[in-house]
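All remarks here apply to the structure that follows.
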Amino acid sequence: MVPFSRGALTARLAESSADIEAAQRLRHLTFMELRGAAPRPDGRDADALDDLCEHMLVEDRRTGRLVCCFRMLPLASGAEIDRSYSAQFYDLEALRAYDAPMMEMGRFCVHPEARTDPNVIRTAWSAMAAYVDSRGVELLFGCSSFDGTDAETYADAFALLKTKHLAPKRWLPRVKAPRTFPFARLLRFRRPDLKAAAAKMPPLLRTYLMMGGWVSDHAVVDQNLNTLHVFTGLEVKRVPPSRVRLLMGG
Numbered sequence: 553m554v555p556f557s558r559g560a561l562t563a564r565l566a567e568s569s570a571d572i573e574a575a576q577r578l579r580h581l582t583f584m585e586l587r588g589a590a591p592r593p594d595g596r597d598a599d600a601l602d603d604l605c606e607h608m609l610v611e612d613r614r615t616g617r618l619v620c621c622f623r624m625l626p627l628a629s630g631a632e633i634d635r636s637y638s639a640q641f642y643d644l645e646a647l648r649a650y651d652a653p654m655m656e657m658g659r660f661c662v663h664p665e666a667r668t669d670p671n672v673i674r675t676a677w678s679a680m681a682a683y684v685d686s687r688g689v690e691l692l693f694g695c696s697s698f699d700g701t702d703a704e705t706y707a708d709a710f711a712l713l714k715t716k717h718l719a720p721k722r723w724l725p726r727v728k729a730p731r732t733f734p735f736a737r738l739l740r741f742r743r744p745d746l747k748a749a750a751a752k753m754p755p756l757l758r759t760y761l762m763m764g765g766w767v768s769d770h771a772v773v774d775q776n777l778n779t780l781h782v783f784t785g786l787e788v789k790r791v792p793p794s795r796v797r798l799l800m801g802g
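Residues 553 to 802 (my numbering) make up the sequence shown, in order.
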């Protein structure tokens with residue numbers, strides 16, 4: 553993949569073990585140190601999937617700092633869904649029937665000092681879109697996380713997801729994890745406060761939803777990373793062109 557640039561930012565694929573270590577250290581900072589999860593002795597967030605994925609890095613050329621990263625796991629079709637990180641937490645049997653290339657995007661994070669720059673997210677998604685296009689990916693998916701495990705804090709956000717953004721029944725993930733928050737059932741009568749919901753919606757999930765993404769009907773309680781997360785899917789061919797232009801700043 554040719555590096556993608558926007559202003560002072562450049563997105564590229566990791567080329568060395570040092571690149572991957574830099575991504576793991578940024579992940580540790582954002583997912584553990586800042587989120588309150590138990591830190592790792594080596595200061596790296598790493599797992600076996602790192603060796604199977606490609607890693608996208610967004611760097612600021614002015615400082616040389618890594619400001620954003622995520623990893624990508626291409627799958628030939630839903631027949632390979634068990635290889636994904638998400639399959640550890642969700643019963644994805646329905647997606648086995650998805651007969652087209654898929655890609656899991658995971659461990660998406662932004663350096664805390666770069667979160668006020670909207671071009672970081674735009675650069676990351678532009679690079680991801682180029683990668684998706686080059687692979688002919690038709691379904692993008694992953695886990696979108698809420699900080700902490702107190703579901704009540706996000707009641708309006710979950711109520712909005714229940715009301716407007718649940719997955720189509722044919723692809724709906726089922727419960728697999730031992731601890732979940734079944735928001736579609738528990739909040740079935742709650743009308744969301746839209747302002748409160750927007751304030752609590754994670755930025756990555758907000759971007760998925762803006763493009764027509766959908767979510768599972770329950771959140772997984774992940775004590776290891778001190779998060780609640782929902783399975784999130786995006787059918788690439790259904791993304792409105794106007795939404796793509798807005799995201800990319802065009």
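Every residue, glycine too, gets a C-beta built ideally from N, C-alpha and C.
Since the model is a prediction, treat every value here as computed from it, not as a measurement.
- [ ] Assuming Leu712 contacts Ala751 (C-beta within less than 8 Å), just tell me the rounded distance between them.
- [x] Actually they do not touch by this definition, with Cβ atoms about 11 Å apart.
Open item on the list: I'd like the ranges of any alpha helix (DSSP H) spanning at least 4 consecutive residues and lying wholly in the stretch 704-781.
Closed with: Runs of the alpha helix (DSSP H) spanning 4 or more residues and lying entirely within the stretch 704-781 occur at 707-716, 735-738, 746-752, 755-762, in chain order.
- [ ] Using the DSSP secondary-structure output, state which residues sit across from Gly694 in a beta bridge.
- [x] According to DSSP, Gly694 bridges with Thr784.
- [ ] Would you grab the beta carbon distance between Met655 and Arg635 for me? Rounded to a whole angstrom, and I think it's under 8 Å.
- [x] That pair is no contact at about 12 Å.
Open item on the list: If distances are taken between C-alpha atoms only, which option among Glu787, Asp769, Pro754, Met584 comes closest to Tyr706?
Closed with: The shortest C-alpha separation from Tyr706 is found at Pro754.
Task: DSSP beta-bridge partners of Asp642 - done: Reading the sequence as shown, one finds Tyr at residue 642 and not Asp. Beta bridge pairing from DSSP links Tyr642 with Val727.
- [ ] Closer than 8 Å by C-beta to Asp602: which residues in its own chain qualify, once you throw out the five before and the five after it? Chain order, please.
- [x] Closer than 8 Å at the Cβ level, and outside the excluded window around Asp602, lie Ile572, Gln576, Arg623.
Task: For Arg648, three-class secondary structure by DSSP - done: Note: Arg648 maps to helix in three-state DSSP.
- [ ] Would you kindly report the start and end of the unbroken beta strand (DSSP E) that includes Ala563?
- [x] Going by DSSP, Ala563 is part of the beta strand (DSSP E) stretching over 561-565.
Task: Nearest neighbour of Val782, chosen from Arg790, Gly765, Pro793 [CA to CA] - done: By alpha-carbon distance to Val782, the top candidate from Arg790, Gly765, Pro793 is Gly765.
Task: Residue of Ala682, Trp723, Pro744, Ala666 minimising C-alpha distance to Ser768 - done: Of Ala682, Trp723, Pro744, Ala666, the residue nearest in Cα terms is Trp723.
Task: Under 8 Å between C-beta atoms of Thr582 and Gly694 - done: For Thr582 and Gly694, no; Cβs fall outside 8 Å.
TODO: Would you kindly report the start and end of the unbroken beta strand (DSSP E) that includes Pro555?
DONE: Where Pro555 is concerned, there is no enclosing beta strand (DSSP E), because DSSP gives it neither an H nor an E.
TODO: Over the uninterrupted alpha helix (DSSP H) stretch that includes Arg626, give me the two end residues.
DONE: Per the sequence shown, residue 626 should be read as Pro rather than Arg. Per DSSP, Pro626 is not a residue of any alpha helix (DSSP H); the beta strand (DSSP E) it occupies stretches across 617-627.
Task: His580 in three-state terms, based on DSSP - done: His580 sits in a helix when the DSSP states are folded into three classes.
Task: Of the listed residues Cys620, Arg742, Leu604, nearest to Glu704 (C-alpha basis) - done: The shortest CA-to-CA distance from Glu704 to any of Cys620, Arg742, Leu604 is the one to Arg742.
Open item on the list: Tell me whether the stretch 638-648 and the stretch 718-732 touch, counting them as touching only if at least three CB pairs, one residue from each stretch, are closer than 8 Å.
Closed with: Touching, yes, given that three or more Cβ pairs across the two stretches are closer than 8 Å.
Open item on the list: Please identify the residue among Asp745, His607, Tyr760, Cys661 whose C-alpha is closest to the C-alpha of Leu625.
Closed with: The candidate whose alpha carbon is nearest that of Leu625 is His607.
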